Structures are given as C-alpha cells and as structure tokens.
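Q:
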Amino acid sequence: MFALMQSTRTQSLHLFNDPQTGLKAVVAIHNERLGPAMGGCRYLPYADDESAMTDAIALAQGMSYKAALAGLALGGGKAVVMRNPHVENRAALFQALGRFIDTLQGRFVVAVDSGTSTLDMDCIAQGTPHVTSTTACGDPSPHAALGVFAGLRATSYARLGSYNLEGLRVAVQGLGNVGYALAEQLHAAGAELLVSDLDPGRVRLAVEQLDAHPVAHDALASTPCDIFAPCAVGPVLNGHSVMQLRCAAVAGAANNQLTNLQVADQLEARGILYAPDYVINAGGLIHVALTHAGENSAAIAAHIARIPARLTEVFGHAQAEKRSPARVAQTLAERLLYT
Ligand code: NAD
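Next up, the structure:
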C-alpha cells in the first residue's frame with residue numbers, strides 16, 4: 002500500500018473498524034495544500050480490504066485534482082465503507098463513521114457518493130460537524146449532472162462543432178443519481194438516448210419517461226453513438242474497451258474512468274475526444290463545498306457554470322500541444338498542487 006501511496010503522493014490512509022456496528026471503513030487523505038480534504042463516501046461491496054484501500058486512494062487523488070481545477074480552497078480525500086449485506090443497523094454504522102471522522106479534527110470533510118444518501122450523512126452528522134450533503138444541505142447529484150450536461154455541450158462543440166444536442170446520439174452508462182438526471186437534461190435538449198444499467202428498473206424508467214433505447218450493459222460501450230457518457234462506477238476505459246468504442250467523444254460523470262493515462266493516449270490516437278472526469282464532474286463537489294461554506298444557490302450555480310470554460314481551456318491546450326486532455330488536466334492540476 003505504501004508503494005501506491007508514494008506513486009499517487011497520498012498523504013495519509015486511515016482505517017476504522019467498529020465491531021459493534023460491523024463498520025469497516027477507509028479514509029484516504031491525498032493532499033491538503035489548498036485546504037482541508039473533502040470527498041464523498043462510497044458504500045459498496047469490495048472483494049477485499051486491499052481493493053477498498055486502493056479505490057479510496059485513487060478516488061482521493063482525483064478529488065485533489067478536481068478541487069484544484071474547480072478553483073476551490075480544498076484538498077482531496079475519500080471515504081470508502083465496505084458494504085456488509087448483513088448490516089443490522091445502517092444508521093448506527095454511519096453514526097460510528099461520523100465519530101471516527103471526527104477524530105481527524107476537520108482534516109477531512111465527508112459528502113455523499115455512490116451507495117450513500119443524504120440520510121446517511123445525517124447519521125454521520127450526529128458524530129461530527131465535518132460533513133456536508135446532509136438532508137439540510139441537499140443532494141449534490143443534480144448539481145453534478147448540471148455540470149456534466151454543460152461540459153458535454155462544450156465537448157460536443159469542441160469535437161463536433163455544435164452546442165446543439167438535438168438528434169445527437171448519447172450513450173449513458175449508469176442511470177443512478179447523476180446518470181438519470183443527466184439523461185433527463187439530454188432528453189429535454191433533444192438528444193437521442195441509448196442507456197444501460199445493471200438495474201432493469203432504472204432502464205425501464207428511462208425508456209418510459211425519456212424515450213431511451215435500452216442496450217445490454219456489456220454492449221453499450223461498443224454501440225455506435227456520438228458521445229459515450231460513463232455515469233456508473235469503476236474504470237470503464239481500459240486498453241481493450243477503448244478499442245471497442247464507436248463514438249466521437251467521451252464525456253460523463255463517473256469518477257476514475259481511465260485505468261491509466263496510456264488509455265487516454267489511445268483515445269487520442271483514435272480521434273476520440275476525452276473530457277477528463279474530474280474536470281467535467283466537478284459540479285457535485287462545487288455544490289457541497291460552497292454549501293458547507295455557507296454560499297447561496299446563485300453563487301453555486303455561477304461556479305458550476307464555469308465548468309465548460311475550464312474544459313474548453315483543457316481542450317485548447319490539448320490541441321495546441323497534441324496531447325490528451327487527460328494529460329493536460331493532470332499537468333494543470335499538479336501545477337496548482339505542487340508548485
Ligand atoms: P449511483 O450509485 O446513484 O448510480 C450508479 C448507477 O450505475 C447505478 O444505477 C448502478 O446500477 C449503475 N451501474 C453500475 N455498474 C454498471 C455497469 N457496469 N453498467 C451500467 N450501469 C451500471 O451513483 P451516482 O451518485 O449516480 O454516481 C455515478 C458516478 O458519478 C460515480 O462514479 C460517482 O463517483 C460519480 N460522481 C457522482 C457525483 C454525485 O454527486 N453523486 C459527483 C461526481 C461524480
């Protein structure tokens with residue numbers, strides 16, 4: 002684990018174990034140079050302890066880059082709670098997590114992420130003030146979707162020469178909190194939707210409400226479309242899947258879409274424009290960070306509205322330097338974090 006911490010420049014890794022509630026949690030703090038670390042809490046099943054730690058480390062690094070490029074005075078962190086299918090008292094589990102997070106004395110502020118809800122954050126808030134996206138603060142997912150939608154239009158302009166999404170075929174992978182909200186906006190803008198989700202109920206809803214075309218979840222990435230929008234979990238873009246893509250651009254909400262930067266080079270070589278995940282999906286973080294800081298909704302909306310400009314800046318550098326946007330975004334973020 003230390004080798005991974007070293008290669009990702011992760012500052013610290015905290016393991017929490019509470020036999021009473023069955024809580025097994027990891028908090029990774031990647032970088033605190035620009036401010037306290039903030040990041041979501043995942044509550045998902047993991048094959049083993051090592052995969053949970055590895056996920057927390059990779060996601061925390063992404064949060065540092067995301068906060069830096071979004072112009073927030075925050076560092077990056079992430080909490081991962083290993084989902085236990087036999088948990089008796091979910092509220093007690095998250096209350097215990099709150100008490101543990103409190104021992105970090107504000108170095109890490111937690112928010113909602115895949116598998117958790119604002120109600121879970123309310124439970125955490127019983128043990129620590131270092132939590133946001135409680136029911137009082139609201140769910141960041143619609144704000145994440147808003148930013149991704151605006152970023153997807155900027156990506157369409159950069160790659161296809163038009164902001165108009167009417168008739169554009171967009172493949173949305175994952176119809177969860179963010180993916181479904183994004184699909185709604187795309188439908189309203191006249192895009193044609195191809196969708197997949199492991200949960201058939203979510204797909205059915207999109208078919209009924211958004212005229213979406215269902216695609217088997219293992220076939221979506223290779224289905225011809227204009228823009229592929231990964232909105233599920235996990236590194237969906239690897240050396241193999243990139244060769245299957247039949248789209249002009251990739252622009253979606255999911256964190257850590259690339260298995261590594263060589264995959265970004267492969268996308269570039271195939272002429273597929275990649276919108277770096279931590280640039281395009283910063284809307285959720287902007288919402289939780291500014292809500293936590295007491296800003297009003299107008300200020301939050303104005304900050305989210307800057308995402309397309311940041312993305313366009315990244316695309317501009319990428320084109321001028323003939324590099325992948327993912328490499329450009331990394332360089333820009335690391336300049337802010339380390340120089
Ligand atoms: P979610 O858990 O609500 O939704 C994820 C959805 O993806 C679920 O419906 C799940 O069934 C589906 N899914 C999982 N694997 C799949 C697969 N292989 N193919 C198709 N569908 C699959 O999560 P969310 O909050 O919508 O977040 C989605 C992604 O966006 C995550 O990577 C998350 O880290 C990232 N993100 C979320 C936010 C936020 O505010 N929620 C902000 C920024 C980034």
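Numbers 2 to 340, taken from the numbering used here, label the letters of the sequence shown in order. For every residue, glycine included, the Cβ atom is placed at its ideal position computed from N, Cα and C. This structure is a prediction, so every number in the text was calculated from the model and none was measured.
Looking at ligand 1, does it come within less than 6 Å of Cys232, judged from the CB to the closest heavy atom?
A: yes
Q: Measure from the alpha carbon of Thr224 to the alpha carbon of each residue in Ala146, Val243 and Leu206, then state which is nearest.
A: Of Ala146, Val243 and Leu206, the residue nearest in Cα terms is Val243.
Q: Where Met1 and Gly72 are concerned, what is the direct C-alpha to C-alpha distance, given to the nearest angstrom?
A: Outside the shown range of the chain (2 to 340) lies residue 1, about which nothing can therefore be said.
Q: Looking at ligand 1, does it come within less than 6 Å of Val179, judged from the CB to the closest heavy atom?
A: Yes; taking the cut-off as 6 Å, the Cβ of Val179 has a heavy atom of ligand 1 nearer than that.
Q: Quick one: residues in its chain with C-beta nearer than 7 Å to the C-beta of Pro236, no 5 flanking neighbours on either side, listed in chain order?
A: Asn257, Gln258, Leu259 and Thr260
Q: Go ahead and label Thr292 buried or exposed: buried means 16 or more other beta carbons lie within 10 angstroms of its beta carbon, across all protein chains shown.
A: buried
Q: Could you pull out every residue in the same chain whose Cβ sits closer than 6 Å to the Cβ of Glu167, ignoring the five residues on either side in sequence?
A: Result list for Glu167: Gly191, in chain order.
Q: Would you please state the rounded distance, in angstroms, between the beta carbons of Ala230 and Val171? I believe it to be under 8 Å.
A: 6 Å
Q: Helix, strand or coil: how does DSSP classify Ala342 here?
A: Nothing about residue 342 can be read from this structure; the chain reaches only from 2 to 340.
Q: Which same chain residues end up closer than 8 Å to Val132 when comparing Cβ atoms and leaving out the 5 residues on each side of it in sequence?
A: Gly99, Ile102, Val110, Val111, Ala112, Met122, Ile125 and Ala126
Q: Does the separation of the CB atoms of Ala48 and Lys79 fall below 7 Å?
A: no
Q: For chain D, is any of its Cβ atoms less than 7 Å away from the one on Met2?
A: The structure shown contains no chain D; it is built from a single protein chain.
Q: In terms of DSSP beta bridges, what is Val171 paired with?
A: Answer is Leu194 and Ile228.
Q: At a cut-off of 6 Å, is Gly78 close to ligand 1 when judged by its beta-carbon and the heavy atoms of the ligand?
A: no
Q: According to the neighbour-count rule (16 or more other Cβ atoms, all chains shown, within 10 Å of its Cβ), is Leu246 buried or exposed?
A: buried
Q: How many Å lie between Gln320 and Ala97 at the Cα?
A: 48 Å
Q: Output yes or no for whether 7 Å exceeds the beta carbon distance between Arg160 and Ala249.
A: yes
Q: With distances taken Cα to Cα, identify the nearest neighbour of Val173 among Ala53, His188 and Ser163.
A: Distance from the Cα of Val173 is smallest, within the candidate group Ala53, His188 and Ser163, for His188.
Q: Span of the beta strand (DSSP E) holding Ser13?
A: Residues Ser13 to Asp19.
Q: Using the Cβ count rule (16 or more neighbours within 10 Å means buried), how would you classify Pro86?
A: exposed
Q: Just list the beta strand (DSSP E) runs in the segment 78 to 128, keeping only unbroken ones of 3 residues or longer that don't cross its boundaries, in chain order.
A: Listed in chain order, the complete beta strand (DSSP E) runs (minimum 3 residues) inside the segment 78 to 128 are 109 to 113.
Q: State the start and end residues of the unbroken beta strand (DSSP E) segment that holds Leu24.
A: Unbroken beta strand (DSSP E) run through Leu24: Leu24 to Asn32.
Q: Tell me the residue span of the beta strand (DSSP E) that contains Ala220.
A: That residue, Ala220, is in no beta strand (DSSP E); it is neither H nor E in DSSP.
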